[in-house]
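*Asks:* Here the sequence shown is numbered in our numbering, starting from 777 and rising by one per residue.
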Amino acid sequence: MGLESSLMKDQDGNDIQDFYEMPNGCICCAAKDDLIITLDTLLEKKPELDYILVETSGLADPCQVIQTFWVDDGLNSKIELLQTVGVIDTFNFNKKLESTHVLYDELNKPIEFTEKDLLYRQLIYADQIILNKIDLIGEEKDAILERIKKIINALNPQVKYLESTYSQMPLDNLIQIDTKQQIRQIQDQNCCLDSHDHTHNHEEEHKNSSQEHIHSHHKQIENIDSVYFDLDGDKIVDKDRLEQLFGEILWEKNYCQRILRCKGTFIAKNEDGVLTEFILQGVEEVFEFRAIQNIQTPSDDIGYKNRFLLIGLKVEEKVIENKLKECLVSNQ
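1) Does the Cβ of Asp1001 have 16 or more other Cβ atoms within 10 Å, making it buried, or fewer, making it exposed?
2) Can you find a C-beta in chain C that's less than 9 angstroms from the C-beta of Glu922?
3) Following the continuous beta strand (DSSP E) through Val1062, name the residue where it begins and the one where it ends.
4) Return the residue from the list Leu1089, Gln944, Pro946 that minimises the CA-CA distance to Leu1026.
5) Looking at the strands, I want to know which residues DSSP matches up with Val1013.
6) Do the CB positions of Leu1104 and Ile1035 come within less than 9 angstroms of each other?
7) Give the secondary structure of Thr1052 by DSSP, where H, G and I count as helix, E and B as strand, and everything else as coil.
8) Decide if Tyr1031 is buried, meaning its Cβ has at least 16 other Cβ atoms within 10 Å, or exposed.
9) By the three-class DSSP mapping on this structure, what secondary structure does Asp1008 have?
10) Out of curiosity, what's the CA-to-CA distance linking Ala1067 and Ile1055?
11) With a 10 Å radius around its C-beta and 16 neighbouring C-beta atoms as the bar for buried, classify Lys1094 as buried or exposed.
12) Would you report the Cα separation of Leu895 and Lys1011, rounded to the nearest angstrom?
13) State the start and end residues of the unbroken beta strand (DSSP E) segment that holds Lys917.
14) Only counting the same chain, and skipping five residues up and downstream in sequence, which positions put a Cβ closer than 6 angstroms to that of Lys1099?
15) What is the rounded straight-line gap between the Cα of Lys1101 and the Cα of Ile855?
16) How long is the line joining the alpha carbons of Lys983 and Arg1083, rounded to whole angstroms?
17) Who are the Cβ neighbours of Ile913 in its own chain at under 7 angstroms, not counting the five residues just before and after it?
18) Just the C-alpha distance for Asp903 and Leu931, rounded to the nearest angstrom, thanks.
19) Compute the Euclidean distance between the alpha carbons of Lys1081 and Gln934, then round it to the nearest angstrom.
20) For the putative contact between Phe1065 and Lys1029, defined by C-beta atoms under 8 angstroms, what is the C-beta separation to the nearest angstrom?
21) Are the beta-carbon atoms of Ile842 and Val1062 separated by less than 9 angstroms?
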């Protein structure tokens, strides 16, 4: 409707230049190509740009938007998707929780929602969530925010939170992405899933003087599974095998009904045979491995850190754990 561009002002009240709107289509579907063309045009005009912020409507399906960027990444685009940010109206979100079983009541009672529900999808696919309108939730702010975070963490245990009033947020909080912090968040998933309603499978194997430590955590809310696999030890990952496995899981729907989100960090050899730390990022049927840094030796007594998080429907935890173990090889 052309409203947003008229509202965008800098700190001096001047119109922000090069503000692009696409009012005639949805970037989740019909206007996908328009989005990429618009961004490419923007980069041609301003090649010095470091970051581009794409704001969708509140009814956007983040999965489709994320896949647009990842598919384009395969075409050698200069654009790299860093993260997805969601915004929650904490005042109304809390009121909704008090009046209905939107997600679940007090982390126990099952709720009625499906994988197609937009709220559910936006929570799962977010890397960061801005908790807005915190000034309106009253004296019990800390308790209410804690409850909201527990509900969201049950669906997306890795998400990072930012708090705001009137959507005021330092830009650096949104665009300064710490890759090492992302890795640490993935590696700490077992802490996020460590609660009263998960199952815990643990297996230890001693080989010579080294120890291979393998376990998984499984948390389920209604039909949504969040499963974390920890395969730390003296072995690294065969990247080709892992790529084949995730193709079987995401494309062929083996060992699950459907995977909605997957993340991971693992050690493998790159194309030159150099030991490298990789990050796995996946949304539904699209996933990628991204090399982060070369490494020499394990950083501590844990050994090589190979850890994965899968969020989806009817995830066959034990089967996938065994398949992941088959991807481990000696570092020779």
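Ideal placement from N, C-alpha and C gives every residue a C-beta, glycine not left out.
*Replies:* Once the coordinates are examined:
1) buried
2) You won't find chain C in this structure, because it holds only one protein chain.
3) 1062–1070
4) Leu1089
5) Ala1044, Leu1104
6) no
7) strand
8) buried
9) strand
10) 7 angstroms
11) exposed
12) 39 angstroms
13) Element bounds for Lys917: not the beta strand (DSSP E) but the alpha helix (DSSP H), 917–931.
14) Leu1021
15) 34 angstroms
16) Residue confidence for Lys983 is low, a pLDDT of 38 falling below 50, so the modelled location carries little weight; the figure read from the coordinates is stated next. Approximately 20 angstroms between the Cα atoms of the pair.
17) Thr866, Phe867, Asn870, Ile920
18) 12 angstroms
19) 17 angstroms
20) 20 angstroms between Cβ atoms; not a contact.
21) yes
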